[in-house]
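Encoded as structure tokens, the structure appears first; notes follow it.
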Amino acid sequence: MKLDNMTEVLTLTNPSDNSHYWLNLAQPVYANEETKTLINMIQRLAEEKQYLRKENKRLAKSHR
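In terms of my numbering, the sequence shown opens at residue 1 and continues consecutively.
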């Protein structure tokens, strides 16, 4: 079930001072082109990270 007001949220961490930042990946209507581009880049990096994690698990299983 997908609710209209629920969006993807990404947590960013800064290990040097143990800070946690929440980034909402929903593109606001008022966002300028630079903001939209940065949000799209972050979304693609998050998708790639998820793919690489799955691939890493798959390869680890095949090399046991």
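A virtual CB, placed ideally from N, CA and C, is assigned to each residue, including glycine. Predicted model only: the values in this text are computed from it and were never measured.
Residue range 33-62 is occupied by the alpha helix (DSSP H) that includes alanine 46.
Cα atoms of histidine 63 and leucine 45: separation of roughly 27 angstroms, rounded to the nearest angstrom.
For serine 16, DSSP assigns no beta-bridge partner whatsoever.
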